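Step one of this worksheet: look at the structure below.
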Amino acid sequence: MNEDLTFDRNAVLSYLLDRFGLPSSLFDDYNFYATEKGKVFLGPRRSISRPDKIVSIGLLCFRMDNAIKPTTNLLQIVGNHITKNRVELDQKNAEKYLLGNDLILDKSFLSNVSDGYVLMVYKDHSLGCGLLRGTVIKNQLPKAKRLDVKYW
Amino acid sequence: MSSRSLPNSFIERYRDLPDDPEAFFSSLMTLLPKTFRVNTIKANRDFVVSKFGEYGISCEPASWYCDAFTTKNLNVGATLEHFLGQIYIQEFTSMLPPLLIRDELSSSSFVFDCCAAPGSKTTQMAALMSNKGTLVANDVDYDRIRALRFNLEKTGVLNTVITNQDLRHVTEKNFEIVLLDAPCSAEGTMRKSYGVLDIWGEKLIKYHSGLSKQLILKAFDALAPGGTMVYSTCTFAPDENEAVLDHLISNRASAKLLPVTIDGFKLGKPTLDWHGQQFSSEIRSAARVWPHDNDTDGFFLAKVTRNE
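As given, the protein sequences belong to chains A and B, one line each in that order. Note that the first sequence covers residues 1 to 152 in our numbering. Note that the second sequence covers residues 1 to 308 in our numbering.
Below you can see the structure in the form of structure tokens.
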């Protein structure tokens, strides 16, 4: 996997700042690596001398289809730094979210948020990504990560 | 307590190796405590201890590593903290190799984990590197790389490059740190699974001994001058431990062993004499981990520097 020189690092950093309030300095130690299938990985600046031997690099952080879509992996790591578009859940809704369900939320949960991708938060935990449309949160948790958690 | 018993050939082979054979063989018949590590990429120990306290899950910190815990509660895998990758269920012995080089890791920017899957030590090393620099995580087995990727994702590791190569064909060099946690006969893991005894025998030990002698030379050659390598196995067989180090010392004049010490953790001495073979006295610097000393798996550890 090669770092894609045509990949617009600044566009992604602007999105993260505008959407989530994340400063670009958080990503100074890392490169973005784009694949032909529209996946973007956040990984180390230095790679190895034989890129053909690489299976993967860093962490999948975005899918670039028509728009920039952040992954749950990324939002979990930087969640503590996210100041905008956070949705604080109660236990009942957090449980539904972790099981992979979409949520219909009362407006009291949705202050200071706008339509688009949001960080789902329960107490001090960054749970993952959701897609807000009105009062509906479309669940973005990967199927492999969905789990029945017994201890909260 | 398992209904299984140790094969006579195993008892015969290792009767004279430990300082306390009776305690050694008895310990192998007891269950391993449940242990986990706090993943400092995503959380800290005070946060996790506080949350577990709220759930009524008691956990005991290890005296030798502030992020390591034992618990009698078998449900730690069903906690939100485990789900989010804030804790990693990991045997104590598996935490030792990264711990042995924690100071070096904190200041290194190019590190090689030769046999990385499923990633317990890789994720720990990434945390000790503060998720910065470059950690090349290699494994020869592509199927096991799936588990490696899953664990790296879950724990939020960003600084890795995953490769799928036979270590004997790796050409990358100049790593500041190399970890070779070698494939082995895994005798030391039998407290977790007696299944290792199903395939155990002289033939398996001989195979791994030969393979490890090849791997340790390649791992050492990937090291930059002045760099540090850790060699570890989860087996008791001197053929796969001291004999492999002896092979390295005999074939690489620049290889120098450094003392293995972990404050608060009891370590055993290596053997310098096995089945008529005498090993270099330098090997005294390596260490054995006997299961009866710290209520753990069995393990072997050596720290090597490249003096050029």
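Note that the Cβ used here is the ideal one computed from N, Cα and C, for glycine as well. Nothing here was measured: the structure is a model prediction, and the numbers come from that model.
Cβ-based burial, GLY58 of chain A [other Cβ within 10 Å; buried from 16]
buried
Go ahead and pull the three-state DSSP assignment for VAL351 of chain B.
Because chain B in this structure spans residues 1 to 308, residue 351 of chain B falls outside the shown range and cannot be described.
For ASP139 of chain B, does the count of other Cβ atoms within 10 angstroms reach 16, so buried, or fall short, so exposed?
Buried, by the Cβ-count rule.
Tell me the residue span of the alpha helix (DSSP H) that contains ASN8 of chain B.
8-14
Can you confirm whether LYS37 of chain A, when its beta carbon is compared against all beta carbons of chain B, has any partner nearer than 8 Å?
no
Closer than 7 Å, Cβ to any Cβ of chain A: which residues of the stretch 167-196 of chain B, in chain order?
THR171 and GLU172
Contact set between the stretch 137-149 of chain B and chain A, restricted to residues whose Cβ is under 7 Å from the partner:
Under the 7 Å Cβ criterion, the stretch 137-149 of chain B contributes ILE145 and ARG149.
Check the Cβ-Cβ distances between THR134 of chain B and every residue of chain A, and say whether any is below 8 Å.
yes
For GLU54 of chain B, does the count of other Cβ atoms within 10 angstroms reach 16, so buried, or fall short, so exposed?
Its Cβ having fewer than 16 others within 10 Å, GLU54 of chain B is exposed.
Alpha carbon to alpha carbon, how far is ASP221 of chain A from SER107 of chain B?
Limits of chain A in this structure are 1 at one end and 152 at the other, which puts residue 221 of chain A out of reach.
For VAL121 of chain A, go through chain B and note every residue whose CB falls closer than 8 Å to its CB, in chain order.
Under the 8 Å cutoff, chain B gives no residues; its nearest Cβ is about 12 Å from VAL121 of chain A.
Residues of the stretch 55-68 of chain B with Cβ closer than 8 Å to any Cβ of chain A, in chain order
TYR55 and ILE57
DSSP three-state call for PRO275 of chain B: helix, strand or coil?
Here the sequence assigns His to residue 275 of chain B, which means Pro is not the residue at that position. Shown here, HIS275 of chain B sits in coil according to DSSP, grouped into three states, outside any helix or strand.
Against chain A, with Cβ distances strictly below 8 Å, would MET1 of chain B count as a contact?
Bear in mind that a pLDDT of 40 at MET1 of chain B, under 50, signals an unreliable position, so the number given afterwards is only what the model happens to contain. For MET1 of chain B, the answer is no, since every Cβ of chain A falls outside 8 Å of its Cβ.
Is the beta carbon of PHE24 of chain B closer than 8 Å to that of HIS292 of chain B?
yes
Contact residues within the stretch 83-104 of chain A, judged by C-beta distance below 9 Å to chain B:
ALA94 and LEU98
6 Å Cβ shell around PRO225 of chain B - same chain, five flanking residues per side excluded:
Result list for PRO225 of chain B: ARG306 and GLU308, in chain order.
ASP8 of chain A to PHE32 of chain A span [Cα, whole Å]:
9 Å
Contact under 8 Å by Cβ, THR71 of chain A with GLY21 of chain A
no
Run down chain B in chain order and give the residues with a C-beta less than 9 Å from the C-beta of SER56 of chain A.
ILE145, ARG149, LEU152, THR160, VAL161 and ILE162
Helix or strand or just coil, what does DSSP make of LYS145 of chain A?
Annotated three-state conformation of LYS145 of chain A is helix, per DSSP.
Grouping DSSP H, G and I as helix and E and B as strand, with all else coil, what is LEU110 of chain A?
coil
Any beta carbon from chain B within less than 8 Å of SER49 of chain A's own beta carbon?
Output row for SER49 of chain A: interface = yes.
Does the CB of SER9 of chain B have a neighbour CB from chain A at under 8 Å?
no
On the criterion of 16 or more Cβ atoms from any shown chain inside 10 Å, does CYS66 of chain B qualify as buried, or is it exposed?
exposed
Taking only runs of the beta strand (DSSP E) that begin and end inside the stretch 101-184 of chain B, which ones reach a length of at least 3 residues, in chain order?
110-113, 134-138, 160-163 and 175-181
Considering only their Cβ atoms, is the gap separating PHE52 of chain B from THR296 of chain B smaller than 8 Å?
no
Of the listed residues A:LEU13, A:VAL121, A:ALA67 and A:ASP52, nearest to ASN85 of chain A (C-alpha basis):
A:VAL121
Own chain residues within Cβ distance below 7 Å of ARG191 of chain B, not counting five before or after
LEU28, THR30, LEU31, LEU32, PRO291 and ASP297
For the candidate residues A:GLN76, A:LYS69 and A:ALA34, whose alpha-carbon lies nearest to that of LYS138 of chain A?
Nearest option by C-alpha distance: A:LYS69.
Is LYS303 of chain B near LEU100 of chain B, with beta carbons less than 8 Å apart?
yes
Taking the alpha-carbon positions, what's the THR309 of chain B to ALA219 of chain B distance?
Examination of residue 309 of chain B is not possible in this model, given that chain B is present from 1 through 308 alone.
ALA62 of chain B: first and last residue of the uninterrupted beta strand (DSSP E) it sits in
59-62
The stretch 94-109 of chain B: which residues have C-beta closer than 9 Å to a C-beta of chain A, in chain order?
SER109
Take ASP181 of chain B as the anchor and find which of B:GLY85, B:SER285 and B:HIS208 has the nearest alpha-carbon.
B:HIS208
For LYS92 of chain A, report the span of its alpha helix (DSSP H) as first-last.
91-98
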